[in-house]
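These protein sequence lines are chains A and B, in that order. Here the first sequence stands for residues 1 to 205, where the numbers follow my numbering. Here the second sequence stands for residues 1 to 205, where the numbers follow my numbering. See below for the structure under consideration.
2 protein chains.
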Amino acid sequence: MPDGTMKKPSRIQRRNRRAILDAALDVFSRHGYRGATLDQIAAEAGLSKPNILYYFDGKEDIHLTLLSQLMDTWLDPLVAMDPSGDPRAEILAYVQRKLDMARDLPRESRLFAGEILMGAPRMLPHLRADLQPLFDEKCALIQRWIDDRKLPDLDPQHLIFSIWATTQHYADFEAQVDVLHPAGVDPHARASAHLAALFGRMLKQ
Amino acid sequence: MPDGTMKKPSRIQRRNRRAILDAALDVFSRHGYRGATLDQIAAEAGLSKPNILYYFDGKEDIHLTLLSQLMDTWLDPLVAMDPSGDPRAEILAYVQRKLDMARDLPRESRLFAGEILMGAPRMLPHLRADLQPLFDEKCALIQRWIDDRKLPDLDPQHLIFSIWATTQHYADFEAQVDVLHPAGVDPHARASAHLAALFGRMLKQ
DNA sequence: CAGAAATTTTACCATTTGGTAAATCCACGA
DNA sequence: TCGTGGATTTACCAAATGGTAAAATTTCTG
Numbered sequence: 001m002p003d004g005t006m007k008k009p010s011r012i013q014r015r016n017r018r019a020i021l022d023a024a025l026d027v028f029s030r031h032g033y034r035g036a037t038l039d040q041i042a043a044e045a046g047l048s049k050p051n052i053l054y055y056f057d058g059k060e061d062i063h064l065t066l067l068s069q070l071m072d073t074w075l076d077p078l079v080a081m082d083p084s085g086d087p088r089a090e091i092l093a094y095v096q097r098k099l100d101m102a103r104d105l106p107r108e109s110r111l112f113a114g115e116i117l118m119g120a121p122r123m124l125p126h127l128r129a130d131l132q133p134l135f136d137e138k139c140a141l142i143q144r145w146i147d148d149r150k151l152p153d154l155d156p157q158h159l160i161f162s163i164w165a166t167t168q169h170y171a172d173f174e175a176q177v178d179v180l181h182p183a184g185v186d187p188h189a190r191a192s193a194h195l196a197a198l199f200g201r202m203l204k205q
Numbered sequence: 001m002p003d004g005t006m007k008k009p010s011r012i013q014r015r016n017r018r019a020i021l022d023a024a025l026d027v028f029s030r031h032g033y034r035g036a037t038l039d040q041i042a043a044e045a046g047l048s049k050p051n052i053l054y055y056f057d058g059k060e061d062i063h064l065t066l067l068s069q070l071m072d073t074w075l076d077p078l079v080a081m082d083p084s085g086d087p088r089a090e091i092l093a094y095v096q097r098k099l100d101m102a103r104d105l106p107r108e109s110r111l112f113a114g115e116i117l118m119g120a121p122r123m124l125p126h127l128r129a130d131l132q133p134l135f136d137e138k139c140a141l142i143q144r145w146i147d148d149r150k151l152p153d154l155d156p157q158h159l160i161f162s163i164w165a166t167t168q169h170y171a172d173f174e175a176q177v178d179v180l181h182p183a184g185v186d187p188h189a190r191a192s193a194h195l196a197a198l199f200g201r202m203l204k205q
């Protein structure tokens, strides 16, 4: 059993754990936690069900491993918001990074969205441990910028909520966007310009 | 079997169908389609499982009935956007109505969100039949307003996407908002002011 | 009230699904 | 090359779950 022990993982272990997590990300993001089955994950990973249970303690272990591993990637764009940069440019760059992530990592976005939508039963501790401190820190940073008259008076918390909502919308509600968006135009380019205008105006003195 | 026939439903039928749909809305919105069980719905409705299958053809029938019945309510705020009203006021009023709905009907919001998030497997026809024509109509209306110089140049489609995203965020991602939002302040009032500012600036000439 | 119709319960069933035990296979270092 | 530990498969199991048949009960109607 590769779990529990602190031995360095073998080549086979690394390969298979990666394959399982990648398959699981696919299946969980498309069907949700309850809708996903170990058989689906096993099939997509090219392994047998007992074999994936050789690498993970169970369905919940896979899900939780995914969530924790992806948390860092997910928070990176916010971490990169630089206190020494120009406030307006920093926030607008953050919007674009988040939008790029929605395009490049839609599975990750939907995985998190599904978990939050169901009340974050398995992720609440992670939210409090990882997300909340970062969120508070960046809210305080924006508030400082406001106090220094470098930004107009606005609500840092709800500004960040709106950035999350508008950018992740393109990944999480892709099915709806696809139905409504006219074919032939690049939704990402349009979204990018639209969000730049929306938040650009909001941040203007 | 009350289904199929066109007889007018009895008092008992109306009462029990309502109880089932209300219970189902609760359970589906909290656990998603796959995560919800007929036993849970039955328990919450105060009926036995075979009894709810006397009123509905199955789990999918309940889910589909809910989605269709709620579609009208869901689209009402957009329908109410008046072509003869003041453009800026109409759109800002729409934002507030959507935000109020996220507060007053969070179960409905999460039900739709879950369905869309999973690729809208049971709702795609409804989206094309009900949502798309309305969406196109209102996009055209906003475009007319822009052409008439009553609104600044903006992207109608993505403006509506952003309104949906920011307002529904408070219902769909409530678990996250609850973790991050400071206790003791009314998130709805703050959100209302924030969104009024965000979209108000966007719509200013 | 009597009978019919509608409603509800009891007792099931088949499938799916997360998970396990044990046998088997295989890679790799001595 | 051989043996050992890691990796994989085979054959299961118990619980959960969507659904059904038919009996029993309640409600409605004349």
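Here a beta-carbon is modelled for each residue, glycine too, at the ideal position from N, C-alpha and C.
- Chain-ordered, the chain A residues with CB closer than 8 Å to the CB of I116 (chain B) read D172, F173, A175, Q176.
- Boundaries of the alpha helix (DSSP H) harbouring M71 (chain A): 59–79, taken from the DSSP string.
- About 13 Å separates the beta carbon of A165 (chain B) from that of H158 (chain A), a gap too long to meet the 8 Å contact definition.
- Under the criterion of beta carbons closer than 8 Å, D26 (chain B) and R107 (chain B) qualify as touching, at roughly 6 Å.
- Residue burial is scored here from C-beta neighbours: V79 (chain A) has fewer than 16 other C-beta atoms within 10 angstroms and is therefore classed as exposed.
- M101 (chain B) sits in a helix when the DSSP states are folded into three classes.
- Among the CB atoms of chain B, none fall inside 7 Å of the CB of D39 (chain A).
- For G119 (chain A), a Cβ of chain B is located within less than 7 Å of the residue's own Cβ.
- For R122 (chain A), the CB contacts under 8 Å within the same chain, skipping 5 residues up- and downstream, are Y33, E60, H63, L64, L67, E115 in chain order.
- Here the segment 8–23 of chain B lies against the segment 39–52 of chain B, with 3 or more beta-carbon pairs under 8 Å apart.
- With fewer than 16 other Cβ atoms inside 10 Å of its own Cβ, T73 (chain A) counts as exposed.
- Contact annotation: L198 (chain A) and M101 (chain B) have beta-carbon atoms that are not nearer than 7 Å.
- In this structure, the straight-line span from the alpha carbon of L131 (chain A) to that of V95 (chain B) is close to 28 Å.
- A Cβ-Cβ distance of about 7 Å is found for the pair R88 (chain A) and L151 (chain A), placing them in contact under the 8 Å criterion.
- Taking a C-beta cut-off of 8 Å against chain B, none of the residues of the segment 50–62 of chain A qualify.
- With 16 or more other Cβ atoms inside 10 Å of its own Cβ, D172 (chain B) counts as buried.
- Inter-residue distance for I12 (chain B) and R18 (chain A) is about 55 Å (C-alpha atoms, whole angstroms).
- Listed by position along chain B, the residues whose Cβ is nearer than 8 Å to that of H188 (chain A) form an empty set, because the closest Cβ is around 11 Å away.
- Counting other Cβ atoms within 10 Å of its Cβ, P77 (chain A) reaches 16 or more and is therefore classed as buried.
- For G32 (chain B), the nearest CB of chain A lies under 7 Å from its own CB, placing it at the interface with that chain.
- The C-beta distance from V179 (chain A) to P187 (chain A) rounds to 12 Å, too long to meet the 8 Å contact threshold.
- One thing to note: L111 (chain A) has its Cβ within 7 Å of the Cβ of S29 (chain A).
- The continuous stretches of alpha helix (DSSP H) do not include T37 (chain A), and DSSP gives it neither H nor E.
- In this structure, the alpha-carbon of A175 (chain A) lies about 22 Å from that of E174 (chain B).
- Between the C-alpha atoms of K49 (chain A) and T37 (chain A) there is a straight-line separation of about 10 Å.
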